[in-house]
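**Q** Have a look at this one before I ask anything.
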Amino acid sequence: MEPSTCAGAASTISSASASASASACASASASASISSTSHTVTSPIASSTTSISLATATTANTTCKRLSKAEKRALKTELMKGRRQMWRQREREKHKQKVHQRHVERESKLNAMTPEERASFEAKVKEERDRLYHECCKQTARVQSAFEGGLRVAIDLSYGHMMTHKEQASLSRQLSRCWGINRRASAPVSLHFTALDSCPPACLPKDNDHLIWKVHCVGAEVADHFSRDELVFLSPDADSVLLELDQSKVYVIGGLVDSSVQKATSLRRADGLGVASARLPLNEFGTVAHQRLPLTLPAVLEILVGVNHDKDWAKAIETAVPLRQAKRSEVVPRRQRRAMTRAGIAKTWERSSAKSSTGGTGGNQDDDKEEDEGEGESNLSDESDEGSSDVDDQAAEIDDN
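Here you go:
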């Protein structure tokens, strides 16, 4: 082979090896860029491969990311919201079916009536509708009158920062129940929601329904809106007892829902403001387990509404306080219960021993006592006959001797 040919072949081999090494470096750099995002790749192909791998890695990291408690709570809330919507949709469908069924039954009932019976039936229906309408108008007038000048009851909503998200949602539901109780009461009160400016939105009813209620919505604090001489904070930890409602006072209910009871919260706030405080007479008039039992907002408002109607504390407390919080009946002490149990076991043991000693044929004494008098007399006569025969036998033996 000629030297020029050998040199050309050598140059070709060296260029091929150089290109191979360059491609190897490119692939290595591409793999390095895939494994680490800090490396820079100049090759277009390697850059596209790197971007695809980075996108895949980002998706994998997002999918496998460990959720925090707040994120889990948010997901659970969304899931429950969807389930609630589905449940409401099913309930609407059921309600529509029931309404349709009632219409069908009513039409079939009317078709089966004579013209006179139908006219009488429709007159009774109209009379009932008019009665309900007039009752609704009277109740609306009572609520309006109480709204303008009734007994003032304020719910202090300045405790929002002391509650968890779950407790705030519970407070929102309790406010709705309070409005329902006052709206249906025979003697409604003038209800005030105070400290709305500092109240978290989660504590308020959904969709701001309280704005359309017959409720005084006050943005300021309760001590700034009312005169402090008129305020009476209701607290289960107060020493004084509320025995009579005064129309000139404003009774303040603390808008605090605390699963782990935070004692003396309302009392400390009342002492800090320098206003009066009192507790409900749960132990004096009601069958409540503890005189300082913390109650929910609807329960406290229901007691005040009931007393405002007929001045009967016992009836109002019995109606508002749940049965699970009522005072338990007098129980037998443990020592006495144990003695009674031992006596019962001993009596059972004596009966079983008596049966086993008689071979299972004889009855116990209690069974013998329950027998008729005639049977008792016959047994006695039989025993006396047996006794007399034994005496005669013994006398005969003596004579023979």
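All letters in the sequence shown, in the order written, are residues 1 to 401 by full-length UniProt numbering.
Cβ coordinates follow ideal geometry from the N, Cα and C atoms, glycine included.
The structure presented is a predicted model; accordingly, all values stated were derived computationally and were not measured.
1) In angstroms with no decimal places, state the Cα-to-Cα distance between E71 and R84.
2) I'd like the span of the beta strand (DSSP E) that includes H192, first residue to last.
3) In terms of DSSP beta bridges, what is A278 paired with?
4) In angstroms with no decimal places, state the Cα-to-Cα distance between L234 and G254.
5) How many whole angstroms separate the CB atoms of L157 and C199, which I take to be in contact at a CB cut-off of 8 Å?
6) To the nearest angstrom, how far is the alpha carbon of G306 from that of P188?
7) From the DSSP output, which residues share a beta bridge with G254?
8) Assign N182 to one of two classes, buried (16 or more other C-beta atoms within 10 Å of its C-beta) or exposed (fewer than that).
9) Are the CB atoms of S186 and H309 within a distance shorter than 8 Å?
10) At the level of alpha carbons, what is the spacing between V222 and G180?
11) Touch check for the segment 312-321 and the segment 268-288: three-plus C-beta pairs under 8 Å?
12) Have a look at Q262 and G82 and give me their C-alpha separation to the nearest angstrom.
13) Check for me: the alpha helix (DSSP H) holding N182 runs from which residue to which?
14) Provide the residue span of the alpha helix (DSSP H) that contains A146, from first to last.
15) Would Q174 and T265 be called neighbours here (beta carbons separated by less than 8 Å)?
16) Using the beta-carbon count (16 or more within 10 Å), is I303 buried or exposed?
17) Classify P115: buried if its beta carbon has 16 or more other beta carbons within 10 angstroms, exposed otherwise.
18) What do you reckon, are the CB atoms on V232 and S190 nearer than 8 Å?
19) How about L293 and P236: do their beta carbons lie closer than 8 Å?
20) Measure the C-alpha to C-alpha separation of K94 and H103 and round it to an integer number of angstroms.
21) Could you tell me whether the Cβ atoms of V257 and M340 are closer together than 8 Å?
22) Please classify S36 as buried or exposed, where buried requires at least 16 other C-beta atoms within 10 Å of its C-beta.
23) Using beta-carbon positions only, say whether H192 and I155 come within less than 8 Å of one another.
24) Can you tell me whether V232 sits near the ligand ADP, meaning its C-beta is under 7 Å from at least one heavy atom of the ligand?
25) Can you find the residues in the same chain that come closer than 8 Å, C-beta to C-beta, to L267, ignoring five residues on each side of it along the sequence?
26) Going by DSSP in three states, V215 sits in which element: helix, strand or coil?
27) Taking T287 as part of the alpha helix (DSSP H), name the residues at either end of that continuous run.
28) Can you tell me the Cα-Cα spacing of Q139 and G160, whole angstroms?
29) Out of curiosity, what's the CA-to-CA distance linking V250 and C203?
30) Only counting the same chain, and skipping five residues up and downstream in sequence, which positions put a Cβ closer than 7 Å to that of G219?
31) Buried or exposed: C178, going by 16 or more other Cβ atoms within 10 Å of its Cβ?
32) Apart from the five residues on each side of it in sequence, which residues of its chain come closer than 6 Å, Cβ to Cβ, to K270?
33) Assign P322 to one of two classes, buried (16 or more other C-beta atoms within 10 Å of its C-beta) or exposed (fewer than that).
34) May I have the straight-line CA-CA distance separating W213 from E128, to the nearest angstrom?
35) With distances taken from CA atoms, which of P201, M86, Q144, S145 is nearest S172?
36) Compute the beta-carbon to beta-carbon distance between L242 and P281, rounded to the nearest angstrom, for a pair I have assumed lies under 8 Å.
**A** In brief:
1) Against the sequence shown, residue 71 aligns to sequence position 71. Against the sequence shown, residue 84 aligns to sequence position 84. About 20 Å.
2) As a working note, residue 192 is residue 192 in the sequence shown. Looking at the DSSP string, the run of the beta strand (DSSP E) that includes H192 is 190-194.
3) Here residue 278 corresponds to residue number 278 of the sequence shown, with the count starting at 1. Beta-bridge pairing links A278 to L234.
4) Locating residue 234 in the sequence shown gives position 234, counting from the first residue. Locating residue 254 in the sequence shown gives position 254, counting from the first residue. So the two alpha carbons sit approximately 7 Å from each other.
5) Taking the sequence shown and counting its residues from 1, one reaches residue 157 at position 157. Taking the sequence shown and counting its residues from 1, one reaches residue 199 at position 199. With a Cβ gap of about 4 Å, L157 and C199 count as contacting.
6) Here residue 306 is taken as the residue at index 306 of the sequence shown, counted from 1. Here residue 188 is taken as the residue at index 188 of the sequence shown, counted from 1. Approximately 9 Å between the Cα atoms of the pair.
7) Numbered from its first residue, the sequence shown carries residue 254 at position 254. DSSP output for G254 lists D156 as bridge partner(s).
8) In the sequence shown, residue 182 corresponds to position 182, counting from 1. Per the 10 Å Cβ criterion, buried.
9) The residue you call residue 309 lines up with position 309 of the sequence shown. The residue you call residue 186 lines up with position 186 of the sequence shown. In contact: H309 and S186 (Cβ atoms closer than 8 Å).
10) On the sequence shown, position 222 is the one that residue 222 refers to. On the sequence shown, position 180 is the one that residue 180 refers to. One C-alpha to the other measures close to 22 Å.
11) yes
12) Here residue 262 refers to the residue found at position 262 when the sequence shown is read from its first residue. Here residue 82 refers to the residue found at position 82 when the sequence shown is read from its first residue. Their Cα atoms are separated by approximately 34 Å.
13) As a working note, residue 182 is residue 182 in the sequence shown. Run containing N182: 165-184, per the alpha helix (DSSP H) assignment.
14) Numbered from 1 along the sequence shown, position 146 holds the residue referred to as residue 146. Here the alpha helix (DSSP H) through A146 covers 115-149.
15) As a working note, residue 174 is residue 174 in the sequence shown. As a working note, residue 265 is residue 265 in the sequence shown. No, they are not a contact pair.
16) Residue mapping note: residue 303 aligns to position 303 of the sequence shown, counting from 1. Buried, because 16 or more other Cβ atoms sit within 10 Å of the Cβ of I303.
17) In the sequence shown, the residue the question calls residue 115 occupies position 115. Exposed: under 16 other Cβ atoms inside 10 Å.
18) Counted from its first residue, the sequence shown places residue 232 at position 232. Counted from its first residue, the sequence shown places residue 190 at position 190. Their beta carbons are not under 8 Å apart, which means V232 does not touch S190 by this criterion.
19) For the purposes of this step, residue 293 is taken as residue 293 along the sequence shown, with counting starting at 1. For the purposes of this step, residue 236 is taken as residue 236 along the sequence shown, with counting starting at 1. It is a contact, given that the beta carbons lie within the stated cut-off.
20) As a first step, residue 94 is located in the sequence shown; it is residue number 94 there, counting from the start. As a first step, residue 103 is located in the sequence shown; it is residue number 103 there, counting from the start. Those two C-alpha atoms are separated by around 14 Å.
21) Numbered from 1 along the sequence shown, position 257 holds the residue referred to as residue 257. Numbered from 1 along the sequence shown, position 340 holds the residue referred to as residue 340. No.
22) Against the sequence shown, residue 36 aligns to sequence position 36. No answer about S36 holds up, because its pLDDT of 39 lies below 50 and its placement is not dependable.
23) Along the sequence shown, read from residue 1 onward, the residue named residue 192 stands at position 192. Along the sequence shown, read from residue 1 onward, the residue named residue 155 stands at position 155. A contact, by the Cβ cut-off of 8 Å.
24) Annotation note on the ligand ADP: not contained in the displayed structure, which lists no ligands.
25) The residue labelled residue 267 in the question sits at position 267 within the sequence shown. Excluding positions up to five away in sequence, the list reads F233, S235, D237, A238, S277.
26) Counting from one through the sequence shown, the residue named residue 215 turns up at place 215. Here V215 sits in coil by DSSP.
27) Within the sequence shown, numbered from 1, the residue matching residue 287 stands at position 287. Careful: T287 lies outside any alpha helix (DSSP H) and carries neither H nor E.
28) For this step, residue 139 is matched to residue 139 along the sequence shown. For this step, residue 160 is matched to residue 160 along the sequence shown. Going from the Cα of Q139 to the Cα of G160 covers about 33 Å.
29) Counting from 1 along the sequence shown, the entry for residue 250 is found at position 250. Counting from 1 along the sequence shown, the entry for residue 203 is found at position 203. Roughly 22 Å between the two C-alpha positions.
30) By 1-based counting over the sequence shown, the position of residue 219 is 219. If we look at G219 and ignore the five residues flanking it on each side, its Cβ neighbours are L196, D197.
31) Taking the first residue of the sequence shown as 1, we reach residue 178 at position 178. Within 10 angstroms of the beta-carbon of C178 lie 16 or more other beta-carbons, which makes it buried.
32) For the purposes of this step, residue 270 is taken as the residue at position 270 of the sequence shown. Rather than Lys, the amino acid found at residue 270 in this sequence is Ala. So the list reads F233, S277, once near-sequence residues are dropped.
33) Indexing the sequence shown from 1 puts residue 322 at position 322. Burial call: exposed.
34) Here residue 213 refers to the residue found at position 213 of the sequence shown. Here residue 128 refers to the residue found at position 128 of the sequence shown. Near 27 Å, if we compare the C-alpha coordinates of E128 and W213.
35) Walking along the sequence shown from the start, residue 172 turns up at place 172. That would be P201, whose Cα lies nearest to the Cα of S172.
36) Locating residue 242 in the sequence shown gives position 242, where the first residue counts as 1. Locating residue 281 in the sequence shown gives position 281, where the first residue counts as 1. 7 Å between Cβ atoms; contact.
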